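Taking the UniProt record's numbering, the leading residue of the sequence shown gets 1, the next gets one more, and so forth. Each residue gets a CB set at the ideal place from its N, CA and C atoms; glycine is no exception. Please read all numbers here as calculations on a predicted model, not as lab measurements. Structure first, then comments.
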Amino acid sequence: MKVAVLGGSGLIGSVIVMELVKRGHNVTVMDLVPPNPLESDFVKVDLREVDNTASKLRTFDLVINSAQYYFNMEAMRASLKAGVNYMDLGGLFWMTRKQLELHKEFEKEGLLALVGMGAEPGVTNVIARKMREEYGIPREIHLRDGWRSTLDNVNWSVDTQLDEATMDAPIWDGEIKFFPPFSRQEEVEFSIGKIRTYLTIHSELATFPSSFPGTLKIDWMEGGTGFECIFLLGKIFGSGEVRGTKSRDLLKEAMREKGLIGYSGITPDEVEAAKVIFVYEEKKIEAEFVATPHGRFDGTQFVTGISPVLAMDAGLKGEGVLPPEKVITPDPFLEALKREGISLEFRETA
């Protein structure tokens, strides 16, 4: 398959490109800067230039967007203009809601836009669909994510993490209600140890209420090594300017100079675990997956990057703008995930 990876030079895009190339797909990275190492063709693209991007996408079978989520709408519109199916890694709730508004436009053109096909969202959504199919609609759904590392490096978009630390977080309680970030917390016993998780904004809340109708409560919490520091950095650098420069840009420049973004010359050791918890009147079902480092990528990077590739290989069917729980057949996808070394267990308690 001929695949364009938008943002393919980034922390997660690099995993996507590696896995696509390994499987023999014809891959082109489209980004502002070329990837390092260069494992595929490269075309310089600025996603803000929608018509120009669309002109470069027309010969492709699929677009996988791993660029900063702020540009999801531009990437979708370019794919729509080019007549190419689209996939991304998530829109942090508010952007996902905007993306869903393009449903009829994609449906009219007979195209699929699969939104939120990373790890969380992505794997969590597919697991939730499997649990619904096997056990029925639950009273409550709780999503919990945790990670452990001995390093201080940031393996994910700094902007996205600052957004999680500063934006109000949605909870489904019969309707969407918003609460301050980190205003609720919970100690969670993961397979990798006990981790304090915090309420933050996340994409699953944009689609779960309609995908799992009848569920009374849905929430998301996350935590792990360095996450409390992100909350503090969000208070200091999350918004505003310093002498005409965005405070976030100052933070990112300082982190780059200190070698704290990515793993240049360092072996990553971060392990990630995520739980999908279905609560019923008389029982609770938990599903937990654990992702460990793979080569130059840590667990979080690897599971996030390989998930859209496995989804593509499993076959994408549908039209319009749809979340993973409405597109991906669970068993083949989850079995493929396990073959890649990502463990998955289901547990039932009274």
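*How would you call D219, buried or exposed, if buried means at least 16 neighbouring beta carbons within 10 angstroms?*
Translated into the one-based positions of the sequence shown, residue 219 becomes position 219. Counting other Cβ atoms within 10 Å of its Cβ, D219 reaches 16 or more and is therefore classed as buried.
*asked:* Give me the DSSP bridge partner(s) of E241.
replied: Counting from one through the sequence shown, the residue named residue 241 turns up at place 241. Paired residues: K246.
_Coarse secondary structure for Y86, derived from DSSP in three states_ = By 1-based counting over the sequence shown, the position of residue 86 is 86. When secondary structure is reduced to three states using DSSP, Y86 falls in the strand class.
_Through-space distance from Q68 to S157, alpha-carbon basis_ = Here the question's residue 157 lines up with position 157 in the sequence shown. Here the question's residue 68 lines up with position 68 in the sequence shown. Between the C-alpha atoms of S157 and Q68 there is a straight-line separation of about 7 Å.
*Return the bridge partner residues of L344 from the DSSP annotation.*
Taking the sequence shown and counting its residues from 1, the one referred to as residue 344 is at position 344. Paired residue(s): F289.
*CA nearest to the CA of residue 351, picked from V21, G10, E19 and G24*: In this structure the chain extends from 1 to 350, so residue 351 is not present and cannot be described.
_Cβ-Cβ distance between E345 and A287 below 9 Å_ = The residue given as residue 345 occupies position 345 in the sequence shown. The residue given as residue 287 occupies position 287 in the sequence shown. Yes, Cβ-Cβ distance for E345 and A287 is below 9 Å.
*H103 in three-state terms, based on DSSP*: Sequence index remark: in the sequence shown, residue 103 carries index 103 (1-based). Three-state result, H103: helix.
*Start and end of the alpha helix (DSSP H) containing G13?*
Here residue 13 corresponds to residue number 13 of the sequence shown, with the count starting at 1. Unbroken alpha helix (DSSP H) run through G13: G13 to K22.
*What do you get for I141, buried or exposed, if any count of 16 or more other CB atoms within 10 angstroms of its CB means buried?*
Stepping through the sequence shown from its first residue, residue 141 is reached at position 141. Buried, because 16 or more other Cβ atoms sit within 10 Å of the Cβ of I141.
_Nearest-angstrom Cβ-Cβ length linking V188 and G146, presumed shorter than 8 Å_ = Working through the sequence shown from its first residue, we reach residue 188 at position 188. Working through the sequence shown from its first residue, we reach residue 146 at position 146. The pair is a contact, with the Cβ atoms about 6 Å apart (cut-off 8 Å).
*Which value, in whole angstroms, describes the spacing of the CA atoms of K194 and E186?*
In the sequence shown, the residue the question calls residue 194 occupies position 194. In the sequence shown, the residue the question calls residue 186 occupies position 186. The straight-line gap from Cα to Cα measures roughly 10 Å.
*asked:* At the level of alpha carbons, what is the spacing between D46 and Q99?
replied: Numbered from its first residue, the sequence shown carries residue 46 at position 46. Numbered from its first residue, the sequence shown carries residue 99 at position 99. C-alpha separation (whole angstroms): 19 Å.
*Return helix, strand or coil for I127, following the three-state DSSP convention.*
Here the question's residue 127 lines up with position 127 in the sequence shown. The answer is helix: DSSP assigns I127 an H, G or I state.
*So, V276 versus I192, is the Cβ gap smaller than 9 Å?*
For the purposes of this step, residue 276 is taken as the residue at position 276 of the sequence shown. For the purposes of this step, residue 192 is taken as the residue at position 192 of the sequence shown. Result no, Cβ atoms of V276 and I192 do not sit closer than 9 Å.
_Cutoff 8 Å; reference R23; Cβ partners in own chain excluding five residues on either side_ = The residue given as residue 23 occupies position 23 in the sequence shown. Cβ neighbours of R23 beyond the five flanking positions: V309 and D313.
*asked:* Below 8 Å, is the gap between the Cβ of H103 and the nearest heavy atom of the ligand NAP?
replied: With respect to the ligand NAP, the structure offers nothing, as it holds no ligand at all.
*Could you spell out the range, first to last residue, of the beta strand (DSSP E) harbouring P170?*
In the sequence shown, the residue the question calls residue 170 occupies position 170. Run containing P170: A169 to D173, per the beta strand (DSSP E) assignment.
_Cα-Cα separation, residue 359 to P138_ = Since the first residue of the chain shown is 1 and the last is 350, residue 359 is not available in this structure.
*asked:* Excluding the 5 residues flanking E109 on each side, which residues of the same chain have their C-beta closer than 7 Å to its C-beta?
replied: Translated into positions along the sequence shown, residue 109 becomes position 109. Once the five neighbours on either side are set aside, the close Cβ partners of E109 are L80 and G83.
*Do you know offhand how far R77's Cα is from D61's?*
Here residue 77 corresponds to residue number 77 of the sequence shown, with the count starting at 1. Here residue 61 corresponds to residue number 61 of the sequence shown, with the count starting at 1. Counting only the Cα atoms, D61 lies some 16 Å from R77.
*Where does the unbroken beta strand (DSSP E) through R144 begin, and where does it stop?*
In the sequence shown, counting from the first residue as 1, residue 144 sits at position 144. Counting along the chain, R144 sits inside the beta strand (DSSP E) bounded by residues E140 to R148.
*At which residue ranges does the stretch 308-343 contain complete alpha helix (DSSP H) runs of 4 or more residues, listed in the order of the chain?*
330-339
_Using a 10 Å radius around the Cβ and a threshold of 16 neighbouring Cβ atoms, would you call E335 buried or exposed?_
Within the sequence shown, residue 335 is the residue found at index 335, counting from 1. Per the 10 Å Cβ criterion, exposed.
*Which residues in the same chain have their Cβ closer than 8 Å to the Cβ of P330, if we skip the five residues on either side of it in sequence?*
The residue labelled residue 330 in the question sits at position 330 within the sequence shown. Correct list, in chain order: V126, I127, R129, K130 and E133.
*Report yes if the CB atom of G116 is closer than 9 Å to the CB atom of S203, and no otherwise.*
Indexing the sequence shown from 1 puts residue 116 at position 116. Indexing the sequence shown from 1 puts residue 203 at position 203. Result yes, Cβ atoms of G116 and S203 sit closer than 9 Å.
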